[in-house]
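Residue numbers (the numbering used here): 45 to 120. From the three backbone atoms N, C-alpha and C, an ideal C-beta is built for every residue, glycine too. Just so we're clear, the structure is a prediction, and the values are computed from it rather than from any experiment. Notes follow once the structure below has been shown.
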């Protein structure tokens, strides 16, 4: 099955218009667009949060390693 051709797309469009009416289609498109935009923004926020958490963990590891070295130096 390939990509639908132009006549098939026109038939699908006609069925959608009959089912939902011409007035509802722009509202449906807006809703879908808002949903996609919200999904993308949540994905970006999740990436930023993950990156921030990784930076904090690396900083804590570095600080604990430094503290360990200082204690070893004091004992020597």
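* Three-state class that DSSP yields for residue 93 in the structure shown -> As a first step, residue 93 is located in the chain shown; it is residue number 49 there, counting from the start. It is helical.
* What span of residues does the alpha helix (DSSP H) with residue 51 cover, start to end? -> Residue mapping note: residue 51 aligns to position 7 of the chain shown, counting from 1. Unbroken alpha helix (DSSP H) run through residue 51: 50–64.
* Asked: Taking the C-alpha atoms as reference points, what is the distance between residue 83 and residue 72?
  -> Locating residue 83 in the chain shown gives position 39, where the first residue counts as 1. Locating residue 72 in the chain shown gives position 28, where the first residue counts as 1. Each residue's alpha carbon lies about 17 Å from the other.
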